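Residue numbers (the numbering used here): 1 to 220.
This is the structure:
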């Protein structure tokens, strides 16, 4: 009686353990499948990955530039990015024009504040207008020894010049970083921005021979 009871209890215990093992296996399998599915959704989802290549490419959707926040998720956003790149290159050309204009402003300011330089400039212009020969036009007027040919900008003027240079350097650096993504559309946008920037900000008068020339500090 005791032996049969013991064998019966052992058989029942083995059945319970087998049942527990059998029932726990599907639960572990389903849990692992759920974890794998979650990892696949995060790592292989089309809207959460950036397409970046160091070779020439034509990526549009899911392309990223400079930062994780600049993640293009639609065609409209990519078109806006291209327009932004064009404007950025035009800003660079505008800064270059601003730097040249500021240099010319400093020269005009110096000429206005120094009567001797203005008199030399006026005498040189009148001499050129009276003499019609080609030799007189090609030979510069003699420079008085007392006239200074250069000047040093003030501290504030130099700060402005340095600021314009820094802005040009920073914008050009960002443009270089954008070009390093080797995206064909972005590079074409850079070229278009350079063309439009030169067209708009380099449109100025060009001096003819014998006419108004560039202001210098050696008799015109």
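Think of the CB as a built atom: it goes at the ideal place given N, C-alpha and C, for glycine as much as any other residue. Note that the structure is predicted; figures quoted are calculated from it, not measured.
query                                                                                                      : result
Close beta carbons around residue 74, own chain, < 8 angstroms, minus the five adjacent residues each side : 61
Rounded separation between residue 149 and residue 155 - CA only                                           : 20 angstroms
Backbone secondary structure at residue 71 - three-state DSSP                                              : strand
Assigned exposure category for residue 82 - 16 Cβ within 10 Å defines buried                               : buried
Where residue 64 sits in the DSSP three-state scheme                                                       : strand
Inter-residue spacing [alpha-carbon to alpha-carbon] between residue 180 and residue 162                   : 27 angstroms
Residues sharing a beta bridge with residue 51, DSSP                                                       : 63
Straight-line gap, residue 207 to residue 170 (C-alpha atoms, nearest Å)                                   : 32 angstroms
Selected residue, minimal CA-CA separation from residue 65, among 175, 198, 158, 195                       : 175
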